[in-house]
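Worksheet: the structure to be examined is printed underneath.
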DNA sequence: CTAGGTGCAAACCCTTTGCAGTAGT
DNA sequence: ACTACTGCAAAGGGTTTGCACCTAG
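Residue numbers (the numbering used here), protein chains in the order written: chain A, 124 to 274; chain B, 124 to 274.
Structure (structure tokens):
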């Protein structure tokens, strides 16, 4: 279970001659403090504000993109009109987790799965595509919304 | 292999007391004429123009949303900043197809798969989530981009 | 005839960018 | 010092909306 530390951030930044700034540390810290959440740029900006740590929204966007490029965050879309991010859990030794998205209330639930590892291998052989990652989304109705439909 | 006809469209529209308009027929026709493509609203609008059949862009957007609601089209995001659509191939008796997205050149390749049907059943039992659909994306490098990287 | 649909342009919202000032290394 | 970074505000690009007019049923 690879969790990133500030040291990882420092190292990855150095490798590309980028600088370790308080803003970047703070953005990473927010994701470490909010495991399992799928935060948008606005979410991050809002959390910052409520912590009395205002950072320019443009800087938040730039940090999110940078952290994604560094492989620390993973960008994803749930169809609500904005990009969302979470700490990257892909990689050689880690388990994938995927998302169940309720099409009624928009809630997102996670679940673990390694089933697709074999499939990737298979596809690489058949298609010549060199696969580095995958994302799976399941759509449907969560328990609560199923109940409310029955009413 | 369920391909939608204009009759299907008419019926589905009637069920919701929506009207069968030339614009909606034309938009559906474009998807029938372009199988296997992932068209954005702008794409559709452009194809219309080149066919001398101008339809207001707003109407294109509204038609795409309606056709998705009716289950005729499927909306998807490939991370290029706009929503894309294709004829819906999900459903009780149909095969899913998923997408290989090249992270270098942006090309999207399709492949067939039923592997996740069992998984859906499994997840429904464990999570209580009522799954109606799923989307899978694989990211990596296509053959051509692998070659060009080696140069 | 009447509800629903279209087209246009303006509004929206998320995201990116130019620029002048600031701060890591 | 040199280069990268930040903050602001403006611009950008895809999508949605208000409104007057139109049209399918």
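We put the beta carbon where it would ideally sit given N, CA and C, even for glycine.
Check                                                                                                                          : Outcome
Proximal residues to residue 268 of chain B (C-beta, below 7 Å), its chain only, five neighbours per side dropped              : 225, 227, 228
Neighbourhood of residue 236 of chain A by C-beta, 8 Å cutoff - its chain only, sequence neighbours within 5 removed           : 218, 219, 220, 221, 259
Residue 193 of chain A in three-state terms, based on DSSP                                                                     : coil
Enclosing alpha helix (DSSP H) for residue 138 of chain B [first to last residue]                                              : 129–138
At least 3 beta-carbon pairs within less than 8 Å: the segment 246–255 of chain A vs the segment 237–250 of chain B            : no
Minimum Cβ-Cβ distance from residue 175 of chain B to chain A less than 8 Å                                                    : no
Sequence-distant residues of the same chain with beta carbon closer than 7 Å to residue 234 of chain A, five excluded per side : 220, 221, 223
Stretch pair the segment 132–148 of chain B + the segment 179–197 of chain B: three plus CB contacts closer than 8 Å           : yes
N- and C-terminal bounds of the alpha helix (DSSP H) containing residue 142 of chain A                                         : It is not in any alpha helix (DSSP H) - residue 142 of chain A carries neither H nor E in the DSSP assignment.
Continuous alpha helix (DSSP H) stretch holding residue 176 of chain B: start and end                                          : Here residue 176 of chain B belongs to no alpha helix (DSSP H), and DSSP marks it neither H nor E.
Beta carbon of residue 263 of chain B nearer than 8 Å to that of residue 254 of chain A                                        : yes
Residue environment, residue 126 of chain B, which counts as buried when at least 16 other CB atoms sit within 10 Å            : exposed
Closest Cα partner of residue 183 of chain A within the set A:191, A:168, A:176                                                : A:168
Opposing strand residues paired with residue 163 of chain A [DSSP bridges]                                                     : A:207
Helix, strand or coil at residue 154 of chain A according to DSSP, with G and I counted as helix                               : helix
Pairwise C-alpha distance: residue 209 of chain B and residue 185 of chain A                                                   : 32 Å
Close beta carbons around residue 199 of chain B, own chain, < 6 Å, minus the five adjacent residues each side                 : 207
Residues bridged to residue 168 of chain A [DSSP beta-bridge criterion]                                                        : Beta-bridge pairing links residue 168 of chain A to no other residue.
8 Å Cβ cutoff met for residue 232 of chain A and residue 252 of chain B                                                        : yes
Close Cβ partners of residue 147 of chain B (< 8 Å) along its chain, the five nearest in sequence each way excluded            : 132, 136, 186, 189, 190
Residue 149 of chain B beta carbon less than 8 Å from that of residue 180 of chain B                                           : no
Interface flag, residue 265 of chain B vs chain A, CB-CB below 8 Å                                                             : yes
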